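Going down the list, the protein sequences come from chains A and B. Each residue of the first sequence is one higher than the one before, counting from 1 in the working numbering. Each residue of the second sequence is one higher than the one before, counting from 1001 in the working numbering. Virtual Cβ for every residue (Gly too), placed ideally from N, Cα, C. Computed from a predicted structure; not experimentally measured.
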Amino acid sequence: MKIDIILAGVGGQGILSIAATIGLAAVDAGMYLKQAEVHGMSQRGGDVQSHLRLSDKEIASDLIPEGKADMIISVEPMESLRYLPMLSPDGWVITNTKPFVNIPNYPDIEQVMNEIAKTEKHITIDADKMASDIGSPKSANMIILGAASPFLNIEFVKLENAIRFLFKNKGEEVVNKNIEALHLGRNYTEKTL
Amino acid sequence: MQKLLLLGDEAIAQAAIDAGISGIYAYPGTPSTEITEYVQHSREAREKKIKSTWSANEKTAAEGAIGMSYAGKRAMVCMKHVGLNVAADAFINNAITGANGGIIYLAADDPSMHSSQNEQDSRFFGKFAMIPVLEPSNQQEAYDMVHYGFDISEKYKTPVMMRITTRLAHSRAGVVRKPSRAQNDIKLPDDLRQFVLLPAIARKRYKLLLENQNKFEKESEENFTQYFDAADKSMGIIACGIAYNYLMENYPDRNIPYPVLKINQYPLPRKQVEKIMGECAEILVLEDGYPIVEEMIKGFLSKGLKIKGRLDGTIPRDGELNPNIVAGALGMDVKIGKDVPSLVTARPPSLCKGCPHIDSYMALNEAIQSYGTGRVFSDIGCYTLGALKPYESINSCVDMGASITMAKGAADAGLTPAIAVIGDSTFTHSGMTGLLDAVNDKSNITVLILDNGTTGMTGGQDSSATGKIEDICKGLGVEENHIRIIKPLRNKHEENLQIYKEELAYNGVSVIIPRRECIVALNKKMRAKFSQKEKN
């Protein structure tokens, strides 16, 4: 069993906390993991991606081969489209719908959503709004992770535990909000399917 | 022992701690920065009193490490590939002096130039210095090789280089630790003239280095080199470092029909190279970076065996390798997913909202209008993004510190006033000496030292310049009334503009220091303060 995930977003949006949560849960589940991150110049508001690979066998490459990714998890809608060449024909696109506009020529958001709608399997979720609704705007990431969780083949409780571990220094309140966010995302996808 | 989930950089740092270093010396540079940061944040390293303060530049870092090695202790020095250019004088001559305590130079290359101005291959530098070079293919090997590297450094009294690339540096995987060993005690070199490179001594030392070449080659043959035989000799594959992973990725069952020589150590393992070239009809060379191995085994006239790689077009001549490129080189069918929809636009990196450099550039653009554009020489840091829209303020970014010296040269040529834009950390890295040249020559230049109090681009490390810039400028001979400190803020635009104009009009060296804290550093500080309050 293997899961190859492209995590996409804009530098500073914090895709690495999604990666860290999945990574921790996967290691807890006894899986092999490789995760290629982007540090440096692109982190200044440029497009960033992370290759996250999980498997029950040893993993060779740090990079996912093109056309082989099982899913794209994106915290920004246009960024989810940038990595379509990486996605396998039956792969999922799970993306936030809230655009991050830091360039003057950001395309029309309706057209962006139309392009996402053209992919065979996709989940679109307004994670920013849902996170604000529970009074925790910073938990949008965990809502998106929750929305992707049904496709991850990792026990849900392991993701919860990973959040508990990663956010423990930030206090009980932050941990609970992020777990709530994870559930919200999960429920959203389960209802949508 | 337990398995840790570590970046390649972190695996190297943990290994250095476990292998008993007494100091790590570095200047921040992507993709090498996280090595030193890991040591700085390690409680274990603190308890062991391992030195890990940032150096002013890669040359001072290397020299610090050489000094520690002289005193008999183990040291690591880390840099990005172009940092090795800065440290080259120390590096090459350290190969001649040899080591006392173990010393490893860690050079992190950046093929595809994710965060760099070129993709030079540090293995060339290793060959140039004629020292052993280690090139791990994964995080565990990186960890293990640091231990081995210190072993052979002390066994042969030689510095050792480890070369990694961005992909390994910034990729995470499970790593198993080895038992840690104690640091060395102080022990002076047996020969107190070992490090005195007077010609008569240097000639002897150089002969020793030459004699060691066969031993280094034997080390390569007997350690991290692996040979996997297979039945189909129509082709043999030489895979160096991380390229081996991309090869394996294309054989999910791990059964490769051709013989494979996995190279992780240089000088090239002669025995195994002879074997694969003797048995196979042609050779495919997979290596990230320059075609150095390919060139060596091919020879200038290319009259022997058919060698495929970057030089004959089997693999693109530039850029990082990946599984698909290697699949193509193996003649496999490469299936990629859907095309990127045409509406997806580029999202280049940009200066952060609220960044002080924005205000500095807005004022500069207006101030030089009367002189005309094309006269601003800049440097390496976040402010290099000032080359992009909407600022388009700067006209050069070449190497660390080049802004001031290029401005001087352009002013010498008659392009006056010439302007230099350099960051605080870059200024103390390599800008100070150039400023001295300009002062000595009374050059008509205006130098902007953008002081945001941090080394921003690499993620906010301490800057050697903090609190010292005016004094350094004064000490170098810049006239005090032409050292102007301003606060780059939108509501101070007019006031600042006036100061820019005055100094541009001055026929001599002037320095303007726009000083305001990096917005990312400030936000981080505020968040820490806020969460501390919440806890209380």
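Interface residues of chain B around M78 (chain A) at Cβ under 7 Å?
Within the first sequence, the letter at position 78 stands for residue 78 (chain A). Per Cβ cutoff of 7 Å: V1344.
Subject >> R1046 (chain B) Cβ short of 7 Å to the ligand SAH heavy atom set >> reply: You won't find the ligand SAH in this model; it holds no ligand whatsoever.
*asked:* Helix, strand or coil, according to DSSP, for T1455 (chain B) in the structure here?
replied: Counted from its first residue, the second sequence places residue 1455 (chain B) at position 455. When DSSP states are grouped into helix, strand and coil, T1455 (chain B) belongs to the strand group.
**Report entry** Amino acids of chain A, ordered along the chain, whose beta-carbon sits closer than 8 Å to that of H1041 (chain B)
**Finding:** As a first step, residue 1041 (chain B) is located in the second sequence; it is residue number 41 there, counting from the start. Those do not exist, as H1041 (chain B) stays about 14 Å from chain A at its closest Cβ, beyond 8 Å.
*asked:* To the nearest angstrom, how far is the alpha carbon of I1164 (chain B) from that of V1146 (chain B)?
replied: For the purposes of this step, residue 1164 (chain B) is taken as residue 164 along the second sequence, with counting starting at 1. For the purposes of this step, residue 1146 (chain B) is taken as residue 146 along the second sequence, with counting starting at 1. Cα to Cα, I1164 (chain B) sits roughly 12 Å from V1146 (chain B).
What number of angstroms, rounded off, separates the C-alpha of T1030 (chain B) from the C-alpha of K1487 (chain B)?
Position 30 of the second sequence, counted from the first residue, corresponds to residue 1030 (chain B). Position 487 of the second sequence, counted from the first residue, corresponds to residue 1487 (chain B). Taking the Cα positions, T1030 (chain B) is about 29 Å away from K1487 (chain B).
Next item on the list: Mind checking the region 1163-1174 of chain B against chain A and listing, in chain order, the residues whose C-beta falls within less than 9 Å of any C-beta there?
Entry: Answer in chain order: T1166, R1167, L1168, A1169, H1170, S1171, R1172, A1173, G1174.
Residues bridged to T1165 (chain B) [DSSP beta-bridge criterion]: Taking the first residue of the second sequence as position 1, residue 1165 (chain B) is located at position 165. For T1165 (chain B), which the question treats as bridged, DSSP gives the partners B:D1109.
Check: Is the Cβ-Cβ distance between G1423 (chain B) and G1453 (chain B) less than 8 Å?
Finding: The residue you call residue 1423 (chain B) lines up with position 423 of the second sequence. The residue you call residue 1453 (chain B) lines up with position 453 of the second sequence. The answer is no: Cβ separation not under 8 Å.
Exercise. Report all residues from its chain with a CB closer than 6 Å to the CB of I109 (chain A); omit the five preceding and five following residues, and keep chain order.
Key: Within the first sequence, residue 109 (chain A) is the residue found at index 109, counting from 1. If we look at I109 (chain A) and ignore the five residues flanking it on each side, its Cβ neighbours are P99.
Considering N114 (chain A), what are the terminal residues of the alpha helix (DSSP H) in which it resides?
-> For the purposes of this step, residue 114 (chain A) is identified with residue 114 of the first sequence, where counting begins at 1. In this chain, the alpha helix (DSSP H) harbouring N114 (chain A) covers 109-118.
*Between the region 132-152 of chain A and the region 183-191 of chain A, do at least 3 Cβ pairs fall closer than 8 Å?*
As far as the Cβ criterion goes, the region 132-152 of chain A touches the region 183-191 of chain A, which means the pair count is three or higher.
How would you label V157 (chain A), buried or exposed, when you count the other beta carbons within 10 angstroms and need 16 or more for buried?
For the purposes of this step, residue 157 (chain A) is taken as the residue at position 157 of the first sequence. Burial call: exposed.
Report task. Go ahead and pull the three-state DSSP assignment for Y998 (chain B). Result -> Look at the range of chain B in this structure, 1001 to 1536, and you will see that residue 998 (chain B) is not part of it.
task = Anything in the region 1246-1272 of chain B with a Cβ closer than 7 Å to a Cβ of chain A? List those residues in chain order, please.
result = Residues Y1246, M1248, E1249.
Quiz item: DSSP on A25 (chain A), reduced to helix/strand/coil?
Solution: The residue you call residue 25 (chain A) lines up with position 25 of the first sequence. A25 (chain A) carries a helical assignment under DSSP once its states are collapsed to helix, strand and coil.
Q. When we look at the beta-carbon of F1300 (chain B) and count the other beta-carbons within 10 Å, is it buried (16 or more) or exposed?
A. For the purposes of this step, residue 1300 (chain B) is taken as residue 300 along the second sequence, with counting starting at 1. Exposed: under 16 other Cβ atoms inside 10 Å.
Pick out whichever of A:I123, A:K118, A:Q111, A:M31 has its Cα sitting closest to the Cα of W92 (chain A). Position 92 of the first sequence, counted from the first residue, corresponds to residue 92 (chain A). Taking each of A:I123, A:K118, A:Q111, A:M31 in turn and checking the Cα distance to W92 (chain A), the smallest one comes out for A:I123.
- Message: Using the Cβ count rule (16 or more neighbours within 10 Å means buried), how would you classify R1375 (chain B)?
- Response: Locating residue 1375 (chain B) in the second sequence gives position 375, where the first residue counts as 1. When all chains shown are included, R1375 (chain B) counts as buried.
Cβ of R1074 (chain B) within 8 Å of Cβ of G1020 (chain B)? The residue given as residue 1074 (chain B) occupies position 74 in the second sequence. The residue given as residue 1020 (chain B) occupies position 20 in the second sequence. A contact, by the Cβ cut-off of 8 Å.
**Request:** Could you round the C-beta distance between A1411 (chain B) and N1440 (chain B) to whole angstroms and report it? I think they count as a contact, below 8 Å.
**Result:** Against the second sequence, residue 1411 (chain B) aligns to sequence position 411. Against the second sequence, residue 1440 (chain B) aligns to sequence position 440. Taking the Cβ atoms as the reference, A1411 (chain B) lies roughly 13 Å from N1440 (chain B), outside the contact range of under 8 Å.
- Between the region 26-33 of chain A and the region 52-68 of chain A, do at least 3 Cβ pairs fall closer than 8 Å? Three or more Cβ pairs closer than 8 Å define a contact, and the region 26-33 of chain A meets that threshold against the region 52-68 of chain A.
Candidates B:A1239, B:A1231, B:G1278, B:I1263: closest to N1255 (chain B) by CA position = Sequence index remark: in the second sequence, residue 1255 (chain B) carries index 255 (1-based). Across the set B:A1239, B:A1231, B:G1278, B:I1263, the C-alpha of B:A1231 shows the shortest separation from the C-alpha of N1255 (chain B).
(Q) What does the alpha-carbon distance come out to for the pair I1512 (chain B) and Y1500 (chain B)? (A) Taking the first residue of the second sequence as position 1, residue 1512 (chain B) is located at position 512. Taking the first residue of the second sequence as position 1, residue 1500 (chain B) is located at position 500. When the Cα atoms are used, I1512 (chain B) and Y1500 (chain B) turn out to be separated by approximately 8 Å.
- Residues of the region 101-113 of chain A with Cβ closer than 9 Å to any Cβ of chain B, in chain order: Cβ proximity to chain B below 9 Å picks out N102, I103, P104, N105, Y106, P107, D108, Q111, V112 from the region 101-113 of chain A.
| field | Start and end residues, beta strand (DSSP E) containing I1307 (chain B) | value | For this step, residue 1307 (chain B) is matched to residue 307 along the second sequence. I1307 (chain B) -> beta strand (DSSP E) spans 1306-1308.
Tell me which residues share the same chain as A1090 (chain B) and place their Cβ nearer than 7 Å to its Cβ, disregarding the 5 neighbours each side in the sequence. As a first step, residue 1090 (chain B) is located in the second sequence; it is residue number 90 there, counting from the start. Here A1090 (chain B) has K1059, A1062, E1063, I1066 as same chain residues with Cβ atoms under 7 Å from its own Cβ, once five neighbours each way along the sequence are excluded.
Please name the residue or residues paired with K2 (chain A) in a DSSP beta bridge.
Counting from one through the first sequence, the residue named residue 2 (chain A) turns up at place 2. Bridge partners of K2 (chain A): A:S55.
message: Does any residue of chain A have a CB that is nearer than 8 Å to the CB of N1322 (chain B)?
response: In the second sequence, residue 1322 (chain B) corresponds to position 322, counting from 1. Yes, N1322 (chain B) lies at the interface with chain A (some Cβ there is under 8 Å from its Cβ).
Worksheet item: Hey, how far is the Cα of C1352 (chain B) from the Cα of L1311 (chain B)?
Response: Numbered from 1 along the second sequence, position 352 holds the residue referred to as residue 1352 (chain B). Numbered from 1 along the second sequence, position 311 holds the residue referred to as residue 1311 (chain B). Taking the straight line joining both Cα atoms gives about 41 Å.
inquiry  = If you reduce the DSSP assignment to three classes, tell me which class Q1117 (chain B) lands in.
reply    = As a position in the second sequence, residue 1117 (chain B) is number 117, starting the count at 1. If DSSP states are grouped into helix, strand and coil, Q1117 (chain B) belongs with coil.
**Asked** For S74 (chain A), which three-state DSSP category applies?
**Response** Counted from its first residue, the first sequence places residue 74 (chain A) at position 74. Here S74 (chain A) carries a strand assignment [DSSP, helix/strand/coil].
Check: Using the beta-carbon of each residue, which ones in chain A are nearer than 8 Å to H1114 (chain B)?
Finding: The residue you call residue 1114 (chain B) lines up with position 114 of the second sequence. Correct list: V38, G40, M41, S42.
_Quick check on the DSSP output: the alpha helix (DSSP H) that includes I1325 (chain B) runs from which residue to which?_
Along the second sequence, read from residue 1 onward, the residue named residue 1325 (chain B) stands at position 325. According to the DSSP assignment, I1325 (chain B) belongs to the alpha helix (DSSP H) that extends over 1323-1329.
Taking T1030 (chain B) as the query, report the chain A residues whose CB atoms sit under 8 Å from its CB, ordered along the chain.
Numbered from 1 along the second sequence, position 30 holds the residue referred to as residue 1030 (chain B). Correct list: H39, G40, M41.
Discussion item. Quick test of the definition: if touching needs 3 or more C-beta pairs under 8 Å, does the region 1086-1103 of chain B touch the region 1117-1133 of chain B?
Written reply: The region 1086-1103 of chain B makes contact with the region 1117-1133 of chain B: 3 or more CB pairs, one atom from each, lie closer than 8 Å.
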